[in-house]
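Asker:
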Amino acid sequence: MAQATPPPSPHSPAPPEPQRSQPEDTRQSELDVALLPRHSPVARVGLLCFTLLVVYASLYPFTGWVNNGVSAFAFLTAPKPRYITEFDLLTNVLGYCPFGALVVLSLHPRVSGARATLIALVAGALLSGSMEALQTWLPTRISSNIDLITNALGSLLGAAVVAPFTSALVDRGTLTRLRYAWFEPYASFAIILILLWPFAQIFPQEHLFGMGGIVREWLTDPDSWPMELVQAYFPSLIAWQDNIGLRPDDMQGQLMLETMVTASSWIGTGLFASIAMRRTAPMLRILAGLLTAALIIKAAVAELQFPDDNAFNWLSEGGRFALLTSSLVLVLLLRLPRWLRAILATLALATLIVLTNVLPSNPYAWISEQGWRMGRFIHFNSLAQWLGWLWPLLAFFYIIWRFEQASVRRRLVRRARRRATERAVAAATEAQQESKRPQS
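Last residue of the sequence shown? That's 440 in the UniProt record's numbering, and every number before it is there in order.
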């Protein structure tokens with residue numbers, strides 16, 4: 001007859017527990033902590049950015065302010081505008097939907113549900129009302145109570161759609177899990193820039209993905225204060241493009257320049273996005289989705305602006321060749337260490353910024369900026385242009401900031417190790433002295 005197994009002695013050691021690998025434990029603990037109820041830095045940064053975008057789009061061009069003797073809130077009781085289209089109404093509603101959604105996500109977990117939806121409605125109405133009131137003193141803008149109503153409706157709609165899913169989105173949803181499984185904890189601002197990159201391509205550039213040309217825009221405007229400063233103190237710089245020979249005479253030269261601009265832009269963007277990702281993230285699929293989204297959005301906006309033209313007129317031969325070659329190069333560069341990818345991303349973005357500000361206007365551009373500004377999204381065109389100007393600069397300085405943070409962290413680690421070594425040496429010396437003392 002088989003004997004029963006005796007109970008373990010209270011003094012016997014406990015059986016060892018199965019051990020997981022340290023990297024797996026670390027990733028799992030980070031994910032478990034991330035899925036606790038918490039606020040969303042991405043949502044709050046996104047809300048701030050979107051609010052600034054609304055202010056810019058509502059008050060552009062910020063010039064010509066005049067007091068016409070009309071109360072700032074006279075639009076509240078004004079009659080219905082005579083000329084209003086369904087397109088305007090739809091744009092006003094959809095334009096404020098992201099604002100309402102971001103307000104609800106930003107309030108989580110302190111406020112949620114119906115209260116968060118109500119706060120989003122009030123916030124959207126206050127923001128829209130403030131913009132309409134300020135537009136009273138802008139001669140190029142018309143204040144309208146219809147705009148206020150449709151904007152508030154858009155905020156309510158966006159908040160109502162997102163409110164039931166706030167906890168799932170922020171705390172335990174698939175997007176939250178993917179965010180912490182694919183991206184580093186410090187990457188919130190980088191994620192915002194990555195999401196904005198497709199929209200930075202909306203305004204037509206001289207070359208495909210040719211962002212960051214704000215300095216050239218200033219220097220080619222004779223009425224801008226930088227140009228007046230150059231004319232006063234550096235008159236020889238006015239002919240700088242001719243002096244350095246950057247005016248190609250044929251189509252092939254322009255195609256080569258566009259290839260350089262597009263390749264440096266896409267490689268810099270891809271490497272920038274990769275340094276915010278973990279090694280386990282599907283980098284190629286994420287970058288492929290990012291590029292596809294940019295091309296689709298650019299084509300869709302071009303089709304809306306000019307329905308009679310081909311939506312892909314902007315995709316030139318040089319742009320297609322640059323996208324193909326730079327994508328192949330990017331696949332190889334993604335295998336490099338993170339620190340080396342960060343250096344290469346900085347160099348690529350710096351090259352892009354220099355090229356877009358040094359190269360002359362492209363005579364073969366598919367459409368002029370003036371023609372684009374006369375399209376349907378008149379007040380959003382300058383906003384899209386500023387986004388394209390600032391995106392590479394923000395990405396460049398973000399990488400520099402990350403280098404500085406890494407340097408500070410390394411100094412702190414070295415200091416902690418040095419102190420630990422000093423304490424260990426002091427403890428060993430004290431123990432040695434204790435051992436040499438005579439026993440009583």
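Don't be surprised by glycine CBs; every beta carbon is placed ideally from N, CA and C. Quantities reported herein were computed from a predicted structural model and do not represent experimental measurements.
By DSSP, does Met-260 sit in helix, in strand, or in coil?
Answerer: helix
Asker: Measuring CA to CA, which of Trp-137, Thr-91 and Leu-118 is closest to Phe-62?
Answerer: Trp-137
Asker: What do you reckon, are the CB atoms on Ser-382 and Tyr-60 nearer than 9 Å?
Answerer: yes
Asker: State the Cα-Cα distance for the pair Gln-432 and Glu-422, rounded to the nearest angstrom.
Answerer: 15 Å
Asker: Using DSSP's beta-bridge definition, name the partner residues of Phe-183.
Answerer: In the DSSP output, where bridge partners are listed per residue, Phe-183 has Met-277.
Asker: Among residues of its own chain, excluding the 5 on either side of Pro-265, which ones have a beta-carbon nearer than 6 Å to its beta-carbon?
Answerer: Per the sequence presented here, residue 265 reads as Ser, with Pro not at that position. Phe-209 and Leu-352.
Asker: Under 9 Å, do Gly-212 and Thr-259 count as touching if we go by C-beta distance?
Answerer: Cβ atoms of Gly-212 and Thr-259: not closer than 9 Å.
Asker: Check Met-131 in the structure and name its three-state DSSP category.
Answerer: helix
Asker: When we look at the beta-carbon of Val-66 and count the other beta-carbons within 10 Å, is it buried (16 or more) or exposed?
Answerer: With fewer than 16 Cβ atoms within 10 Å of its Cβ, Val-66 is classed as exposed.
Asker: What would DSSP say about Lys-80, mapped onto helix, strand or coil?
Answerer: coil
Asker: Taking Ser-58 as the reference, which of Leu-328, Arg-216 and Glu-132 has the closest Cα?
Answerer: Glu-132
Asker: Could you tell me whether the region 321–334 touches the region 382–400, using the rule of 3 or more Cβ pairs below 8 Å?
Answerer: no
Asker: Mapping the DSSP letters down to three states, classify Arg-335 as helix, strand or coil.
Answerer: coil
Asker: Can you confirm whether the region 110–128 touches the region 147–165 when touching is taken to mean that 3 or more C-beta pairs between the two stretches lie within less than 8 Å?
Answerer: yes
Asker: Under the rule that 16 or more other beta-carbon atoms within 10 Å means buried, what is Glu-434, buried or exposed?
Answerer: So Glu-434 counts as exposed.
Asker: Alpha carbon to alpha carbon, how far is Trp-197 from Ser-316?
Answerer: 20 Å
Asker: Does the distance from the C-beta atom of Trp-314 to that of Pro-392 stay below 9 Å?
Answerer: No.
Asker: Is it buried or exposed for Arg-437, if we count other Cβ within 10 angstroms and need 16 for buried?
Answerer: exposed
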